[in-house]
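The opening position of the sequence shown corresponds to residue 118 in my numbering, with each subsequent residue numbered one higher.
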Amino acid sequence: MADPLSSSPLYLDHAATAPPRREVLEAMWPYLAGNFANPSSRHEPGLAADHALQDARRRVAAQLGARPAEIVFTSGGTEADNAAVKGIALAASQRRDEHAKHVLVSAVEHPAVGESAAWLERLGFLVEQIPVDGTGLVSPEVLAGMIREETVLVSVQYANPEVGTVQDIPALSAVTAERGVPFHTDAVQAAGSADLSVDALGVQAMTLAGHKVGAPHGIGVLYLRRRTPFEPLIHGGGQQRDRRSGTENVAAAVGMAVAMELAQGSQERDDSGSLTARRDRFIDAVELQVPGARLTGHRTRRLRGHASFVLAGRSGESVLLDLERRGILCSSGSACDAGSADPSPVLLAMGVEPELAQTAVRFTFGPDTADADLERTARALAA
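Here's what the structure looks like:
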């Protein structure tokens, strides 16, 4: 039975999937029901579908300050991460000598990056993890000390979904630029909350996922800076300049473009920092009302709508179930690690003790989440 405080379920799991935007679904509908043609067909409906696809590519590129030709649509963030890590590393090692097989990834990456790197290890690559400090940050000095002559790729996640920490990507990419090493960032969680200008970030590759910004599941983006060596993983019809073969999902690409515009526009309009202020008030309330609650991640260099804690002496899973009974939906960390009985690798990498890491709870929300919702959540967590 729901807690009397709740009149309807409160969704605080935006980091797993943000609610789909009505504007996105309305923009997609004509290409699902009416103009469903293959964009590679040369008849009139096919040409119209191709026009919509190229327009979506231009609109996404505009949000990144990129060229349309540098945008590759994928089935989601996981495919985009796989393509970036494997495709760049394989191409770079082929263009250099056989010993150029050194890859660096941060210790707090999404499994899509971590498992891609592990796959490269099975091909003979040497993969090393870049350590993080207690807040989840990678040090540029530490990164500089780990780069070798044989390094072909560095991948550091822009913003971590479990603890909300936002990396200083320009400082990190400047280190790799001095050594001529391609830099990839998984920006799936950063979209709508941080600057995505690829020139300001200094990245050669970046990945995004539609369902984090109000588009449906099943659409993602790989930004690939021109002239970056790249070996495609999916072969076939040669679509998207041979970088990702397969008939494009026009409706989803259109939805991705609209979602990105709305998400980045919302971030730019939040000049007063109102969402950040709500987040900070919520963190303060939890720390005040819940004995033993400890914030995880960086206190200020964190996503605007993200608050994550470990709760000493409690079971994170039981807290989640009790909150759901009270009408509050949240999570313990990355949805891609849900169901695992092991402590979070991210928290362990940050130096959190294994027992304490299993008490993690994460609350993620958007601009429409009101102060009253967060106050109610703090009270429920205290209860």
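Positions of the beta carbon are idealized from the N, C-alpha and C atoms, including for glycine.
Practice task
Label ALA501 either buried or exposed according to how many other C-beta atoms from any shown protein chain fall within 10 Å of its C-beta, with 16 as the threshold for buried.
Solution key: Residue 501 is absent from the model: the chain starts at 118 and stops at 500.
Problem - Whole-angstrom distance between THR293 and LEU122, CA atom to CA atom - result: A caution first: LEU122 carries a pLDDT of 44, below 50, which makes its placement in the model unreliable, though a value can still be read off. Between LEU122 and THR293, the C-alpha separation is close to 51 angstroms.
Problem - Inter-residue Cα distance where the pair is GLY297 and ALA370 - result: 32 angstroms
Practice task
Could you pull the start and end residues of the beta strand (DSSP E) that GLU245 belongs to?
Solution key: 243-247
Handout entry: Stretch pair the stretch 362-381 + the stretch 322-338: three plus CB contacts closer than 8 angstroms
Key = yes
Handout entry: Nearest-angstrom Cα separation, counted from ASN152 out to ALA165
Key = 8 angstroms
Practice task
Run the CB neighbour count on LEU464, radius 10 Å, all protein chains shown included, and call it buried at 16 or more, exposed below.
Solution key: buried
Practice task
Have a look at ALA183 and PRO462 and give me their C-alpha separation to the nearest angstrom.
Solution key: 33 angstroms
Problem - Backbone CA spacing between THR324 and VAL305 [nearest angstrom] - result: 6 angstroms
Handout entry: Beta-carbon proximity check, GLU365 vs LEU149, cutoff 8 angstroms
Key = no
Practice task
With a floor of 4 residues, list each alpha helix (DSSP H) that falls wholly inside the stretch 151-199, ordered by position along the chain.
Solution key: 161-181
Exercise for the section: Let me know if THR417 comes out buried or exposed under the rule of 16 or more other beta-carbons within 10 Å of its beta-carbon. Expected result: exposed
Practice task
Go ahead and pull the three-state DSSP assignment for LEU350.
Solution key: coil
Exercise for the section: Give the single residue among LEU428, ALA154, ALA200 whose Cα lies nearest to the Cα of SER362. Expected result: ALA200
Handout entry: Cβ neighbour criterion (16 or more within 10 Å) applied to GLY309
Key = buried
Practice task
Please state if the CB of ALA208 and the CB of GLU348 are separated by a distance shorter than 8 angstroms.
Solution key: yes
Practice task
Could you pull out every residue in the same chain whose Cβ sits closer than 6 angstroms to the Cβ of PRO346, ignoring the five residues on either side in sequence?
Solution key: ALA208, ALA209, ARG212
Practice task
Leaving aside the five residues before and after HIS423 along the sequence, list all residues of the same chain whose C-beta is less than 6 angstroms from its C-beta, in chain order.
Solution key: GLY281, THR481
Handout entry: C-alpha distance - ARG395 paired with ASN155, whole-angstrom precision
Key = 45 angstroms
Practice task
Let me know the secondary structure DSSP gives HIS425 once reduced to three states.
Solution key: With the sequence shown as reference, residue 425 is identified as Ser, and His is not the correct amino acid for it. If DSSP states are grouped into helix, strand and coil, SER425 belongs with the strands.
Problem - Short Cβ contact (8 angstroms threshold) for VAL271 with LEU254 - result: no
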